[in-house]
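Engineer: Numbering (our numbering), first residue to last: 1 to 204. We treat Cβ as the ideally placed atom computed from N, Cα and C, and that holds for glycine.
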Ligand SMILES: O=C(O)CCC(=O)C(=O)O
Ligand SMILES: [Mn+2]
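(1) In chain order, what residues have a CB nearer than 6 Å to some heavy atom of ligand 2?
(2) Give the DSSP-derived three-state secondary structure of residue 252 in the structure shown.
(3) Can you name the residues that DSSP bridges to residue 176?
(4) Please tell me whether, using a cut-off of 7 Å, the distance from the CB of residue 58 to the nearest non-hydrogen atom of ligand 1 is below it.
(5) Looking only at its own chain, which residues have a Cβ that is under 6 Å from the Cβ of residue 31, when we skip the five neighbours before and after it?
(6) So for residue 103, helix, strand or coil by DSSP?
(7) When we look at the beta-carbon of residue 16 and count the other beta-carbons within 10 Å, is it buried (16 or more) or exposed?
(8) Indicate the three-state DSSP secondary structure (helix, strand or coil) for residue 34 in the structure shown.
(9) What are the partner residues of residue 75, as DSSP defines its beta bridges?
(10) Work out the CA separation of residue 45 and residue 138 for me, nearest whole Å.
(11) Over the uninterrupted beta strand (DSSP E) stretch that includes residue 43, give me the two end residues.
(12) Do residue 135 and residue 169 have their C-beta atoms within less than 8 Å of each other?
(13) Using the three-state DSSP reduction, which class does residue 12 fall into: helix, strand or coil?
(14) Does residue 1 come out as helix, strand or coil in the three-state DSSP assignment?
(15) With a threshold of 7 Å on Cβ separation, who are the neighbours of residue 5 within its own chain once the five nearest residues in sequence on each side are excluded?
(16) By the three-class DSSP mapping on this structure, what secondary structure does residue 190 have?
(17) Is DSSP giving residue 18 helix, strand or coil here?
(18) Distance, Cα to Cα, residue 155 vs residue 76?
(19) Which residues in the same chain as residue 187 place their Cβ atom closer than 8 Å to its Cβ, once the five residues preceding and following it in sequence are excluded?
(20) Nearest-angstrom Cα distance between residue 92 and residue 166?
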């Protein structure tokens with residue numbers, strides 16, 4: 001396991017590999033086959049659009065969140081995903097980082113045309129300066145970063161099969177990221193581990 005520092009401030013690291021072969025490929029195939037993948041629609045300018053990927057939101061019941069006056073409960077932990085969560089937490093502990101992930105957003109991109117647009121993971125239920133760790137499985141694709149105030153040029157981080165991208169405190173405040181479409185074949189699944197503050201800690 002090698003930890004490469006991609007940015008010092010805010011801290012962005014790539015742990016490669018976190019999962020070696022044949023582990024990573026077995027996990028990819030199992031998650032692809034066993035998870036209840038969904039393609040929710042988003043309302044944009046009065047029209048419904050299916051998101052350009054599939055996803056599953058998974059975690060502890062305390063990690064629920066409210067959106068448009070409704071409460072959304074995560075899927076319960078799949079045993080393999082719970083094991084991956086523990087491996088990610090253990091890897092971060094060896095680097096002196098205390099991570100307490102209680103939820104994960106799993107994204108499934110069937111090929112390079114499927115994508116995720118520009119955003120920061122800065123929802124209020126993630127609290128101040130969240131730590132987010134993203135495990136990548138399958139086709140290697142670049143995650144593109146850009147600075148919100150354009151202090152420096154945008155850059156790509158290629159995410160190898162079995163690698164873990166760690167976005168430390170301040171990353172979501174200062175940068176956005178996107179998985180842009182590319183003419184690349186191949187299934188990719190990412191798991192972005194997060195800590196959702198229990199609603200009692202959010203005053204909700
Ligand atoms: O698929 C990826 O690597 C990015 C996913 C992401 O940004 C997210 O889940 O918030
Ligand atoms: Mn994100």
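Structural biologist: Answer, in terms of the structure:
(1) The answer, residue by residue, is 119, 121, 177 and 192.
(2) In the structure as shown, the chain begins at 1 and stops at 204. Residue 252 is therefore absent and cannot be evaluated.
(3) Its beta-bridge partners are 146.
(4) Flag unset: Cβ of residue 58 not near ligand 1.
(5) Sequence-distant partners of residue 31 (beyond 5 residues in either direction) whose C-beta falls short of 6 Å from its own C-beta, in its chain, are 189.
(6) Three-state DSSP puts residue 103 in a strand.
(7) Its Cβ being crowded by 16 or more others within 10 Å, residue 16 is buried.
(8) Three-state result, residue 34: helix.
(9) Under DSSP, residue 75 forms a beta bridge with 58.
(10) Going by the C-alpha atoms only, they are around 34 Å apart.
(11) First-last of the beta strand (DSSP E) with residue 43: 41-44.
(12) Not in contact: residue 135 and residue 169 (Cβ atoms no closer than 8 Å).
(13) Strand, per DSSP.
(14) Three-state DSSP puts residue 1 in coil, outside helix and strand.
(15) If we look at residue 5 and ignore the five residues flanking it on each side, its Cβ neighbours are 13.
(16) Correct three-state label for residue 190: strand.
(17) The DSSP-derived three-state label of residue 18 is coil.
(18) Within the model, the alpha-carbon separation for residue 155 versus residue 76 is close to 35 Å.
(19) Same-chain partners within the cutoff: 28, 32, 108, 109, 110, 111, 138 and 139.
(20) Whole-angstrom Cα-Cα distance: 9 Å.
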